[in-house]
Amino acid sequence: GGRGGRPPPVCRRCGIEGHTAAICTSEQVLTTHAVSFAPPKVPAHREPYIDTHCHIDYMCEGARVPVWAAFKSQHAIAPTCAGVICTFCDTTALLSSFSQLDDLIVNHPDVYFTAGLHPHNSRYYNERVEGRLVELVTHPRCVGWGEIGLDVTSEKKGGSAEAEQAQCFLRQLELAAAVCPGKPVQIHYRGNDTKALEALLETAAPETKLHLHSWGVPDVAGTKRLLAKFSNAFFGWTSVAETAKMRAVVAAVPLERLILETDGPYLLPKALRPPKGAALPPPNHPGNIPFIAAAVADVKGVSIDRVLSHARRNTLALYSLLIEKAPANGGGGGGPWTLRRLEGAELDAALASTVKGSTTAGTPSPPRATSTSSAVAASSAGNTNDASAANQETASASPQRTKASMAAAAAADDDDASDDDENVTYVFED
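Using UniProt numbering, the first residue of the sequence shown is number 1, and each one after it goes up by one.
Here's what the structure looks like:
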């Protein structure tokens, strides 16, 4: 018991005895009580990957660190993480000078970004926000518009009303098609699945590139309607094994149409969540992608590396991001892999090369057209026009090419036993 026979204090924040909320911080809880919950080891794998949707600004804010490098130094992120796509969707961040974005562009060539107004923030959409979004999405390091969509939980929590969300969503869909037609749109849907599905099916053109983020519609029929209309629609999940309905949706989406994402710092995979009262859950982050891939692999009945391999090729098709071996003299994010955005004929050649197998291991990388620094300095308008033309060409050829690619590569994914550095099996411990 406590002093004088009194019971020990119980923290209102984390529910653990021995301290009060006034001195409880995420760092203290995670270190002091870590012994009460031992998270599982990262599943063994060899394929590199990209986290296609996370929020670096929120991760850094939650960890109380100023920059991404500091966050990575605090968390075990597997060297197979070649890079991330950071989603900026907060009104304040979009309208500020945004030092976080400046840091990522200058210091992290393995980080690309998307920009859009989240449905929670729809009430703040105005001409100023719209102008800033147009400016951001035409930046050379921006690879998409979003996340945007509909979320019926928002109004219940004091956020934007459904009518405001619908107006904001449709306007951003319209702008994305006009301003950056070759770039994908990240879609956020939660709650009213029927309205969300119908809005997308009625509004978006069939050739639109779509990233169905954290796709939680427990409806196989609705998911198949999207697959049928949008040949360039790809689905990502953060929680795969939550319900039988969710597993059925994952099973219905072909490997050729999946991508991998964490939504960090949110939606921690189930395997990593401590028991209630044991400890505060750690933030989700790109290092947890292998857990999500393992859950998908379990549903599909394939290896984790096959899932990672398909996701890598699909991310190339959707976001034009190629995973390459990092140069010997350094580069990328400091690990063995790095990212490069392709355009035009170079992108077409990289997509075609997937018919022969992997776009990294065993396949020569396409020649580097421009350095990262020159790409960042290039004209936004010029990059947008080039990307648009390249992606329109790719869109017409991609479905047939993708089928051939996946059929040719699938048989090799599990049998590849090369001794090259690219095929080392990594086993990590947190």
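No residue lacks a Cβ here, since even glycine has one placed at the ideal position from N, Cα and C.
Give every residue of the same chain whose Cβ lies closer than 6 Å to the Cβ of residue i, excluding the five residues on either side of it in the sequence, and list them in chain order.
i, result
"I148", "G116, F169 and Q172"
"N121", "T91"
"Q165", "P119, S122 and L150"
"F291", "P269 and A271"
"Q100", "D57"
"V253", "F235"
"A176", "W145 and V185"
Using the three-state DSSP reduction, which class does residue i fall into: helix, strand or coil?
i, result
"T338", "strand"
"E198", "helix"
"A204", "coil"
"G116", "coil"
"W68", "helix"
"G182", "coil"
"P43", "strand"
"Y266", "coil"
"I323", "strand"
"H75", "coil"
"V111", "strand"
"T52", "strand"
"P254", "coil"
Is it right to say residue i is buried, meaning 16 or more other beta carbons lie within 10 angstroms of its own, or is it exposed?
i, result
"R141", "buried"
"A178", "exposed"
"G264", "buried"
"L308", "buried"
"E343", "buried"
"N126", "exposed"
"D305", "buried"
"N288", "buried"
"A353", "In the sequence as displayed, the identity of residue 353 is Ser instead of Ala. Its Cβ being crowded by 16 or more others within 10 Å, S353 is buried."
"T360", "Legend: pLDDT at T360 = 45, less than 50; position of this residue unreliable, value from coordinates given subsequently. Looking at its Cβ environment, which holds 16 or more other Cβ atoms inside 10 Å, T360 is buried."
"residue 431", "This structure does not reach residue 431, given that the chain is present from 1 up to 430, and the question cannot be answered."
"N314", "buried"
Got a sec, what are the start and stop residues for the alpha helix (DSSP H) residue i sits in?
i, result
"L227", "V220 to K229"
"L133", "E127 to V137"
"C168", "E162 to V179"
"L347", "G344 to S353"
"P281", "P281 -> no alpha helix (DSSP H), and no H or E assigned at all."
With a CB to CB cut of under 7 Å and the five nearest residues on each side skipped, what residues in its chain are close to residue i?
i, result
"P40", "A271"
"I77", "H285, P286 and G287"
"E198", "none"
Say yes only if the C-beta of residue i is nearer than 7 Å to one or more non-hydrogen atoms of the ligand FAD, and no if none qualify.
i, result
"L318", "Judged by which ligands are present, the structure shown has none, so any question about the ligand FAD falls away."
Roughly how far, in whole angstroms, is the beta-carbon of residue i from the beta-carbon of residue j, given that I think they are within contact range, below 8 Å?
i, j, result
"D57", "C81", "With 8 Å as the limit, D57 and C81 do not qualify as a contact, their Cβ atoms being about 18 Å apart."
"T128", "V152", "According to the sequence shown, residue 128 is Arg rather than Thr. No, R128 and V152 are not in contact; Cβ-Cβ is about 27 Å, not under 8 Å."
"R247", "V299", "5 Å"
"K183", "V134", "At roughly 12 Å, the Cβ-Cβ gap does not stay under 8 Å, so K183 and V134 are not in contact."
"A311", "Y49", "6 Å"
"V240", "V296", "6 Å"
What are the boundary residues of the beta strand (DSSP E) that residue i is part of?
i, result
"R190", "V185 to R190"
"G62", "Element bounds for G62: not the beta strand (DSSP E) but the alpha helix (DSSP H), I56 to A63."
"V143", "C142 to D151"
"G236", "A233 to W237"
"F88", "C81 to F88"
"H211", "L210 to L212"
"L260", "L258 to L260"
Output needed for residue i: all residues of its chain with C-beta closer than 8 Å, excluding positions within five of it in sequence on either side, in chain order.
i, result
"A70", "C60 and A63"
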